[in-house]
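Note sheet for the following structure.
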Amino acid sequence: MENTARVKSEEMVGRIDGRLMKNKVIKGIFLAATVFTSIILIVLLYRIISQGAPYLSWDFFQNFASRRPEQAGIKAAVIGTLWMMSVVIPTAAILGVGTAIYLEEYAKKNALTRWIQMNISNLAGVPSVVFGLLGLTIFVRVFGFGNSILAAGFTMALLVLPVVIVAAQEAIRAVPKELKEASFGLGATKWQTIYRVVLPYAIPGIATGSILAFSRAIGETAPLIVVGIPTFVAFLPSGYLDSFTALPMQIYNWTSRPQIEFHNLAAAGIIILLGVLILMNSIAVWIRNRYQAR
Amino acid sequence: MKTTKNELSPVQQLLEKKYNSGFLNRSEKIIPAILFFMAAISVLTTLGIVLTLIFETITFFGDVSIVEFFTAKEWYPFSGTDPVYGIWPLVLGTLKITLIASLFSIPIGLAVALYLSEYASTRTRKIMKPILEVLAGVPTIVYGFFALTFITPVLRDIFPSLEMFNAISPGIVVGIMIIPTIVSLSEDALSSVPEPVRHGSLAMGATKWETASKVIFPAALSGILASIVLGVSRAIGETMIVSIAAGSTPSAALDLTSSLQTMTSYIVQVTTGDAGFGTTIYYSIYSVGFTLFVFTLLMNVLAQFISKRFREEY
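Going down the list, the sequences are from chains A and B.
Numbering-wise, our numbering puts 263 at position 263 of the first sequence, and it's gapless, one number per residue.
Numbering-wise, our numbering puts 54 at position 54 of the second sequence, and it's gapless, one number per residue.
Below, the structure written as structure tokens:
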């Protein structure tokens with residue numbers, strides 16, 4: 001009995017090297033996967049910058065789309081994206097924050113509320129191309145907006161709405177209960193409390209989440225294609241019912257042409273798109289860090 | 001002390017007056033109604049999506065037999081004289097891309113998640129988190145460009161028989177796109193296993209790998225499975241990468257090296273060209289969209305079911 005126990009413990013001592021070795025090898029494999037993931041990002045950025053940077057010039061910003069690559073520019077797309085975002089941001093922000101306030105502050109914990117909540121999380125999983133089909137039917141045809149800024153803007157606003165709602169809900173939920181109770185204790189009404197206490201406290205959190213949602217709207221292509229936004233536009237829009245093109249649409253157009261020069265233009269367009277997204281993300285991170293200390 | 005209605009204290013009188021004064025009173029009642037209306041918009045959106053897809057699909061089935069849709073093995077809508085609408089080639093295309101994306105992203109994603117939660121130092125984690133966030137934030141049009149202009153040529157150098165448009169390159173890039181989803185959700189699940197569980201296992205003499213594989217991984221399994229299902233759901237719905245790099249040939253062949261079409265890229269193909277409103281081709285995008293919607297909805301419901309049903313409570 002004693003003997004077998006000793007043998008076993010000796011066996012165990014003998015095996016420990018193998019077990020530790022296995023641990024080391026697997027750790028190495030996992031580390032390799034992690035490094036590989038980072039390398040993918042570096043290669044992607046390097047490729048795009050080396051291909052597109054030579055094409056970035058003042059003319060590139062100033063020119064409209066052209067059939068001749070050396071004359072093609074991105075002006076209509078940049079301005080078009082700005083127009084579209086001027087629809088997306090207010091629509092999604094107002095609806096998103098309003099919904100979040102309702103769900104967090106007013107809604108009773110009943111089946112209806114749970115259903116709305118489930119509905120929002122399912123909406124977040126619907127492919128963007130399907131939102132495009134919704135926009136094509138409702139905004140382009142039923143409301144008669146045509147392939148306009150308004151139709152595209154509303155479609156995009158609905159697409160990012162679930163993200164804004166969830167971010168705003170989390171920010172509102174994080175407001176300390178004591179603050180609200182103090183406000184009620186001083187005789188403030190419910191809406192006064194929400195408007196003057198809850199929202200000011202939650203705004204940085206709402207802003208961080210919303211900016212990330214809006215940056216998704218800037219980069220989305222599929223809903224714009226389905227809504228019927230043209231890719232070749234040589235004029236600037238002058239109203240919300242005008243036709244327009246957007247950054248990702250212009251990039252898509254250049255990418256789908258066979259000539260290498262157009263691919264280089266696409267890379268230059270991507271640099272601008274990624275630049276805008278990185279800027280927005282930095283603002284979001286800055287807001288998060290600035291107000292997190294509280 | 002008893003106060004009747006007529007003998008309110010000064011403060012109560014003030015409050016009473018305030019509550020009954022028109023504006024405040026009214027806004028307290030109107031605002032919840034406005035907010036409820038806003039919350040209803042997202043419900044209306046879902047309703048709008050479902051009804052749009054159903055009604056336009058019904059119109060489509062007025063022109064095309066539903067039996068043909070499910071049983072025909074060909075999808076030739078643009079054949080002027082004899083169009084065939086069998087959804088199978090498009091579903092197969094989507095499955096090919098999803099399969100390759102899963103084979104690529106699940107092992108890498110889980111390896112990264114396990115490394116970050118079980119092995120990595122705080123510093124490594126601080127470096128990797130933003131990298132993953134950037135990868136998650138890269139627009140799919142950029143990934144599509146990357147697939148077409150980089151991954152495809154590289155693969156064609158290695159396998160010369162690979163066509164310009166194929167399933168492998170966009171499949172891999174869709175996989176790259178969903179790695180951040182799998183990593184961040186799996187890592188959340190792994191990190192939420194309480195530290196004492198980890199310490200208990202290590203104190204019993206288990207190595208880190210034994211702890212991770214036999215204790216932590218099983219405990220976090222529900223979250224990990226849910227992350228995979230969500231990743232797969234995103235791969236099914238991914239549009240731009242496949243539109244750019246997979247081609248536009250609906251194919252019922254199992255071959256991965258030649259051009260194919262997915263459900264999403266068919267919708268893009270039709271809407272890029274000018275399919276006239278009211279034609280059968282126009283309505284066909286809704287039937288394809290509906291099929292796609294059902295696929296992703298099932299995956300999302302499955303993910304919610306897994307994370308609720310198999311959650312380990314601590």
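C-beta: ideal position from N, C-alpha, C; glycine also.
These figures come from a predicted structure and were not determined experimentally.
Chain A within 7 Å of residue i, Cβ atoms only
| i | result |
| --- | --- |
| G48(B) | yes |
| W209(B) | yes |
| E28(B) | yes |
| G171(B) | no |
| K2(B) | Because the pLDDT at K2(B) is just 48, under 50, the model does not fix this residue reliably, and the value given afterwards should be weighed accordingly. Not one chain A Cβ lies under 7 Å of K2(B). |
| T272(B) | yes |
| Y115(B) | yes |
| P32(B) | yes |
| Y85(B) | no |
| S42(B) | yes |
| V112(B) | yes |
| I100(B) | no |
| N300(B) | yes |
| M204(B) | no |
| P77(B) | no |
| A245(B) | no |
| M164(B) | no |
| I158(B) | no |
Any chain B beta carbon closer than 7 Å to residue i
| i | result |
| --- | --- |
| M1(A) | Any reading at M1(A) is ruled out, since the residue's pLDDT is 49, under 50, leaving its predicted position unreliable. |
| T255(A) | yes |
| V130(A) | yes |
| F30(A) | yes |
| V142(A) | no |
| L265(A) | no |
| Y55(A) | no |
| L158(A) | yes |
| V78(A) | no |
| V226(A) | yes |
CB of residue i within 7 Å of CB of residue j, strictly
| i | j | result |
| --- | --- | --- |
| G96(A) | V164(A) | yes |
| L224(A) | A268(A) | no |
| L35(B) | G209(A) | no |
| M234(A) | A111(A) | The sequence shown places Ala at residue 234(A), rather than the Met named in the question. For A234(A) and A111(A), no; Cβs fall outside 7 Å. |
| A235(B) | T140(B) | no |
| A189(B) | A220(B) | yes |
| A295(B) | L53(B) | Contrary to the premise, residue 295(B) reads as Phe rather than Ala in this sequence. No, these two residues do not count as a Cβ contact at 7 Å. |
| A222(A) | M164(B) | no |
| T59(B) | Y283(B) | yes |
| K208(B) | N23(A) | yes |
| P69(A) | F232(A) | no |
| M21(A) | V88(A) | no |
| K73(B) | A226(B) | no |
| Y266(B) | V242(B) | no |
| Y286(B) | T57(B) | yes |
In DSSP terms, what residue i is bridged to
| i | result |
| --- | --- |
| V84(B) | Y76(B) |
| S148(A) | S243(A) |
Cβ-Cβ separation, residue j to residue i (assumed contact under 8 Å), whole Å
| i | j | result |
| --- | --- | --- |
| P83(B) | P77(B) | 5 Å |
| G231(B) | I182(B) | 5 Å |
| A245(B) | S169(B) | 5 Å |
| T45(B) | L44(A) | That belief does not hold up - the Cβ atoms of T45(B) and L44(A) are roughly 33 Å apart, past 8 Å. |
| F150(B) | R47(A) | 5 Å |
| P237(A) | G80(A) | 6 Å |
| I131(B) | L41(A) | 6 Å |
| T34(A) | Y143(B) | T34(A) to Y143(B), Cβ: 20 Å. No contact. |
| L135(B) | P180(B) | 5 Å |
| A246(A) | I229(A) | 7 Å |
| G335(B) | T257(B) | The first residue shown for chain B is 1 and the last is 314, placing residue 335(B) beyond what the model contains. |
| S192(B) | V215(B) | 14 Å between Cβ atoms; not a contact. |
| S42(B) | L123(A) | 6 Å |
What are the residues in the segment 184-207 of chain A lying within 7 Å of chain B by C-beta distance? G187, T189, K190 and W191
What residues from the segment 40-52 of chain A come within 8 Å of chain B, judged by C-beta to C-beta, listed N to C? I40, L41, V43, L44, R47, I48 and Q51
Residues in the segment 116-128 of chain A having any Cβ partner in chain B nearer than 9 Å: I116, M118, N119, I120, S121, N122, L123, A124, G125, V126, P127 and S128
Contact set between the segment 9-28 of chain A and chain B, restricted to residues whose Cβ is under 8 Å from the partner: R19, L20, K22, N23, I26 and K27
Against chain B: residues of the segment 92-103 of chain A by CB proximity under 7 Å: L95, G98, T99, I101, Y102 and L103
Using a Cβ cut-off of 9 Å, which residues of the segment 172-193 of chain B contact any Cβ in chain A, in chain order? I176, I179, P180 and V183
With 8 Å as the limit, tell me which residues of the segment 54-72 of chain B have their beta carbon closer than that to any beta carbon of chain A; keep them in chain order. E56
Interfacial residues, the segment 228-244 of chain B to chain A, with Cβ spacing under 9 Å: L230, S233, R234, I236, G237, E238, T239, M240, S243 and I244
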